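Student: In my numbering, the protein residues as written are 255 to 504. Submitted below is the structure of interest, expressed as C-alpha cells.
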Amino acid sequence: SSIRVIETNPKTSDIFAAFVSNTSPSYDGLLYYSGASKDWYLYTTGNSNIPSDEIRDLRLEFYKLNHWYLWIATDQGLSRFDGVNFKNYDTGNSGLPSNDLYSIELDKLDHKWIGTDNGLVYWDEERWAVWNNATNPELSVGRFTNIVETGNTNIWFVIDAPASPGDNELYFFDGFNFTKVLYRNDGTSLIRPCPNFYGKSALSAPWKTIKEGETTYPRNLILVTDQGEICKIDYSVPHIHATAKFSGTD
Numbered sequence: 255s256s257i258r259v260i261e262t263n264p265k266t267s268d269i270f271a272a273f274v275s276n277t278s279p280s281y282d283g284l285l286y287y288s289g290a291s292k293d294w295y296l297y298t299t300g301n302s303n304i305p306s307d308e309i310r311d312l313r314l315e316f317y318k319l320n321h322w323y324l325w326i327a328t329d330q331g332l333s334r335f336d337g338v339n340f341k342n343y344d345t346g347n348s349g350l351p352s353n354d355l356y357s358i359e360l361d362k363l364d365h366k367w368i369g370t371d372n373g374l375v376y377w378d379e380e381r382w383a384v385w386n387n388a389t390n391p392e393l394s395v396g397r398f399t400n401i402v403e404t405g406n407t408n409i410w411f412v413i414d415a416p417a418s419p420g421d422n423e424l425y426f427f428d429g430f431n432f433t434k435v436l437y438r439n440d441g442t443s444l445i446r447p448c449p450n451f452y453g454k455s456a457l458s459a460p461w462k463t464i465k466e467g468e469t470t471y472p473r474n475l476i477l478v479t480d481q482g483e484i485c486k487i488d489y490s491v492p493h494i495h496a497t498a499k500f501s502g503t504d
C-alpha cells in the first residue's frame, strides 16, 4: 500500500490521505483519521458519495473556528468533504471544463485554483474562470498540475504537454499575464520540473518582507527538477493584491 497525497489538520489532529492499496480487489480511496474519535475511516465509491477512488490532490480549508472543508481533486471531478458528507462538482453543475483534475490550491482568500487536462480554473464560490490554449495561445495544451500560490495570489503551475512528454513546462500567473519560466541562470539550460500528477513537488517559499509597515510576499518558489535537484525560483518584484482581475472566460 502507499500514500499519494497527505493533508493534516493541526487544530484537530485529523489526517487525510489519498490511499492506494495495490491489492486485488482494490481498496483505494480517502483515508481519514479522526483526531476526536481516534478512529480510521476509508471512504470509497463503494461506501460513500465520493466521486472517484482516484484521488490526485487534497487541500484543507478553514471557514470558521474549528470548522473545515477538505477539497479533493479526482479524475471524476471536484469534491468537498466536511467530515461526514461529500458535495461533488463536475462539468454538469459547475464551471469546470473537464472532470479530469490533477491539482487544487487555495489562495490567501481561500479561492480555488484547479488544474485540469483542459486548462487552469479559478473559482471564488461565485465566479468561474478558465484559461487554456483556446483563451490564451501562450499556454500549451496539456495537463495542468502542481499549482502553488506564493503569496498575494501569485500562481505557479506546471503543464505536462503531450507534444513533448516528460518536458514539463513551468508557468507563472500574476493575475494579468502568463509567463513561461524555461531556463536556469545560464539562459540555456532548461529547468525541467519533476513530473508530478499527484499532490505537489513544488512549495511556496515561506519568507516574507515587512518594509515601512507593508508586507510583501515575494514570488519565490522551491521545486524539484527531474534530475532530483532542489531548485529555487526567485521573483523578487512585489505584487500587491487588489480587487480580483481575471481575463479568462466566465
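Beta carbons: idealized from backbone N, C-alpha and C, even for Gly. Just so we're clear, the structure is a prediction, and the values are computed from it rather than from any experiment.
Over the uninterrupted beta strand (DSSP E) stretch that includes Val435, give me the two end residues.
Tutor: As a first step, residue 435 must be located in the sequence shown, where it is residue number 181. Counting along the chain, the beta strand (DSSP E) containing Val435 begins and ends at 432-435.
Student: I need the DSSP call for Lys499, collapsed to helix, strand or coil.
Tutor: The residue given as residue 499 occupies position 245 in the sequence shown. Caution applies to Lys499, whose pLDDT of 40 falls short of 50 and renders its modelled position unreliable; the model cannot decide the point.
Student: List the whole-angstrom C-beta distance separating Asp378 from Thr399, where the pair is believed to meet the contact cut-off of C-beta under 8 Å.
Tutor: One-based indexing of the sequence shown puts residue 378 at position 124. One-based indexing of the sequence shown puts residue 399 at position 145. Not really, about 22 Å apart at Cβ, beyond 8 Å.
Student: Which first and last residues belong to the beta strand (DSSP E) in which Gly283 is found?
Tutor: By 1-based counting over the sequence shown, the position of residue 283 is 29. Looking at the DSSP string, the run of the beta strand (DSSP E) that includes Gly283 is 283-288.
Student: Taking just the CA atoms, how far does Leu285 sit from Asn301?
Tutor: Stepping through the sequence shown from its first residue, residue 301 is reached at position 47. Stepping through the sequence shown from its first residue, residue 285 is reached at position 31. Each residue's alpha carbon lies about 13 Å from the other.
Student: With contact counted as at least three CB pairs below 8 Å, one residue from each stretch, are the region 381-396 and the region 426-437 in contact?
Tutor: With the cut-off at 8 Å, the region 381-396 and the region 426-437 touch.
Student: Let me check understanding here. Comparing Cα to Cα, which of Ser280, Ile484, Ile269 lies closest to Ser306?
Tutor: In the sequence shown, residue 306 corresponds to position 52, counting from 1. Here the closest residue by C-alpha is Ser280.
Student: Express the C-alpha separation of Ile445 and Ser458 in angstroms, rounding to a whole number.
Tutor: Within the sequence shown, residue 458 is the residue found at index 204, counting from 1. Within the sequence shown, residue 445 is the residue found at index 191, counting from 1. About 17 Å.
Student: Report the three-state DSSP secondary structure of Ile484 (helix, strand or coil).
Tutor: Working through the sequence shown from its first residue, we reach residue 484 at position 230. Three-state result, Ile484: strand.
Student: Ordered along the chain, which non-local residues of its own chain (more than five positions away) have a Cβ less than 6 Å from that of Cys341?
Tutor: Reading the sequence shown from its first residue, position 87 is the one you call residue 341. Here residue 341 is Lys; the residue named in the question, Cys, does not match the sequence. Excluding residues within five positions, the ones whose Cβ falls inside 6 Å are Arg334.
Student: Report the partner residues of Lys341 according to the DSSP bridge assignment.
Tutor: In the sequence shown, counting from the first residue as 1, residue 341 sits at position 87. Lys341 is bridged to Arg334.
Student: Cα-Cα, which of Asn474, Thr298, Lys265, Glu261 is closest to Asp428?
Tutor: Numbered from its first residue, the sequence shown carries residue 428 at position 174. The residue with the shortest Cα to Cα distance from Asp428 is Asn474.
Student: So which of Arg310, Asp354, Thr299 has the shortest CA-CA distance to Arg258?
Tutor: If you number the sequence shown from 1, residue 258 lands on position 4. Considering only alpha carbons, the answer is Arg310.
Student: What did DSSP end up calling His365 once you bin it into helix, strand or coil?
Tutor: Stepping through the sequence shown from its first residue, residue 365 is reached at position 111. Three-state DSSP puts His365 in coil, outside helix and strand.
Student: Between which two residues does the beta strand (DSSP E) harbouring Phe270 extend?
Tutor: Your numbering for residue 270 matches position 16 in the sequence shown. Here the beta strand (DSSP E) through Phe270 covers 268-274.
Student: Give me the DSSP bridge partner(s) of Pro447.
Tutor: Mapped onto the sequence shown, residue 447 falls at position 193. Pro447 is bridged to Thr479.
Student: Looking only at its own chain, which residues have a Cβ that is under 6 Å from the Cβ of Ile487, when we skip the five neighbours before and after it?
Tutor: In the sequence shown, residue 487 corresponds to position 233, counting from 1. Same-chain partners within the cutoff: Leu475.
Student: Since I believe Asn353 is in contact with Gly331 (beta carbons under 8 Å), could you give me their beta-carbon distance rounded to a whole number of angstroms?
Tutor: Within the sequence shown, the letter at position 77 stands for residue 331. Within the sequence shown, the letter at position 99 stands for residue 353. Indeed, because the Cβ distance is near 4 Å, the residues count as touching under 8 Å.
Student: Which word fits Ser291, buried or exposed, when buried means at least 16 other C-beta atoms lie within 10 angstroms of its C-beta?
Tutor: The residue labelled residue 291 in the question sits at position 37 within the sequence shown. It counts as exposed.
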